[in-house]
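Residue numbers (my numbering), protein chains in the order written: chain Z, 1 to 222; chain A, 1 to 222. Every residue, glycine too, gets a C-beta built ideally from N, C-alpha and C.
As structure tokens, then:
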């Protein structure tokens, strides 16, 4: 049983305090949905969780240990799906996916896992197609297929349903449900509705409307 | 660890082969730049032989800089860099792998072309092997130093010009000792000292440059 927590987080972007005093907690099998209007800091929070950004104040911890102490260990247990799909135009769908799967895997071989992930997201028939011929939705599915191609406890999904059709959303919901039943945890930011049983909701707007003057000043100084 | 390193190198080589005119363009630039000198200076063998080492080295310097701008740019724009930085693998090693691939696709072809150009410049045959050996040590250092510049210019407009302003001054020591080694060989003087210094540059750049590039990349990803 693992627990992923953030305590009193402050995020400053370009001298502007995006949110402050934000705390969250997700445990094995749990799901957290981030909501809030555009620009409220959903993506920033997910990037903080992934370690791509550093909080101006506050602590992000895994089982009580700060994630920034051992960033590579933290990288090993998370999958991050951002706005960019990281699909190389000249590589085929299978090659694209296989590269990321091998990079995350411990054994250095991920052919079987890649094939299974392609199947899960309905991409098998596109396996040999170069990335440049994919539609936006297909690219997004390749990006999401990374989730299934190599195991990781924590899935951080930033607007994962953008450009997806109904069937692909259903595939994603099924993948999330299976991941959670195996003890994994999911943090999703979304405006669309993604069906997840017993998911907690965190409205970031509540934290962004009360900028702490101390941190605003700190942001200006930096 | 080695498997992942090899995976990144082979992916970059694969990409360079599939989408790249890069290697070809770099070598063509190198050849054309050197060919301009007999045309500009005149065909007198003495003068050409005197300036041969310097001309070939300067052209190699400029040629190796030509492709640096793209070293991280493509990965930065399509989101791959974000995911590479989230691999359970030090970002420094990712940088080193990308530099290896860059050197194999751009530095190595220069070594092959250099003796041919030395003939064109009427260089004494004693200098050919030394020229290739000095370029081998030198271009590897150039790729490493260039990676720092390539990482620093990420996200800036007109990065190419900025890159040359940042990087060319740092290339000067390599140029001085590279040319000096070839001149010594042609003149029949000992050249051990120059090679030791070139080797020293490479050994210094090997840990320092990936470390500095990785720091710059983290900054760019924030």
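In the displayed model, residue 13(Z) falls within a strand according to three-state DSSP. Close CB contacts of residue 173(A) within its chain, under the 7 Å cut and outside five residues either way in sequence, are with 201 (chain order). Between residue 155(Z) and residue 79(Z), the gap from beta carbon to beta carbon is short of 7 Å.
In this structure residue 171(A) is buried. Its beta-carbon is surrounded by 16 or more other beta-carbon atoms within 10 angstroms.
Residue nearest to residue 118(A) within the set 141(A), 35(A) and 39(A) is 35(A) (criterion: CA-CA distance).
For the C-beta of residue 104(Z), the chain A residues within less than 8 Å are, from N- to C-terminus, 87 and 88.
It is roughly 21 Å from the alpha-carbon of residue 10(Z) to the alpha-carbon of residue 75(Z). For the stretch 183 to 200 of chain A, the set of positions with a beta-carbon nearer than 8 Å to some beta-carbon of chain Z is empty.
Counting the other Cβ atoms within 10 Å of the Cβ of residue 105(A) gives 16 or more, which makes it buried. Distances from the alpha-carbon of residue 153(Z) to those of 161(Z), 179(Z) and 171(Z) put 179(Z) closest. Here residue 20(Z) carries a strand assignment [DSSP, helix/strand/coil].
When DSSP reads this structure, residue 81(Z) sits in a beta bridge with 157(Z).
Residue 203(Z) is bridged by DSSP to 35(Z). Using beta-carbon distances, residue 98(A) does not count as an interface residue toward chain Z, since no partner is under 7 Å.
The residues 51, 60, 61 and 74, in chain order, have a CB closer than 7 Å to that of residue 67(Z) in the same chain once the five nearest residues on each side in sequence are set aside. In this structure, the beta-carbon distance from residue 101(Z) to residue 112(Z) does not fall below 7 Å.
Within chain A, the residues 83 have their CB atoms less than 7 Å from the CB of residue 100(Z), given in chain order.
In this structure, DSSP gives residue 4(Z) an extended state, which the three-state scheme calls strand. Annotated three-state conformation of residue 196(Z) is coil, per DSSP. Annotated as proximal: residue 33(Z) and residue 188(Z), with beta-carbon spacing under 7 Å. At a C-beta separation below 7 Å, residue 221(A) has these neighbours in chain Z: 52. The CB of residue 72(Z) comes closer than 8 Å to the CB of 88, 89 and 90 in chain A, given here in chain order. DSSP, reduced to helix, strand and coil, places residue 130(Z) within a strand of the structure shown. The three-state secondary structure of residue 174(A), taken from DSSP, is helix. For residue 191(A), no alpha helix (DSSP H) segment is defined, and its DSSP state is neither H nor E. Around the beta carbon of residue 219(A), fewer than 16 other beta carbons sit within 10 angstroms, so the residue counts as exposed.
By the rule that beta-carbons nearer than 7 Å mark a contact, residue 75(Z) touches chain A. Residue nearest to residue 158(Z) within the set 97(Z), 18(Z), 46(Z) and 13(Z) is 46(Z) (criterion: CA-CA distance). Contacts with chain A at 7 Å (Cβ-Cβ) do not include residue 129(Z). The residue from 48(Z), 43(Z), 30(Z) and 35(Z) with its alpha-carbon nearest to that of residue 8(Z) is 48(Z). Under the three-pair Cβ rule at 8 Å, the stretch 138 to 158 of chain A counts as touching the stretch 66 to 75 of chain A.
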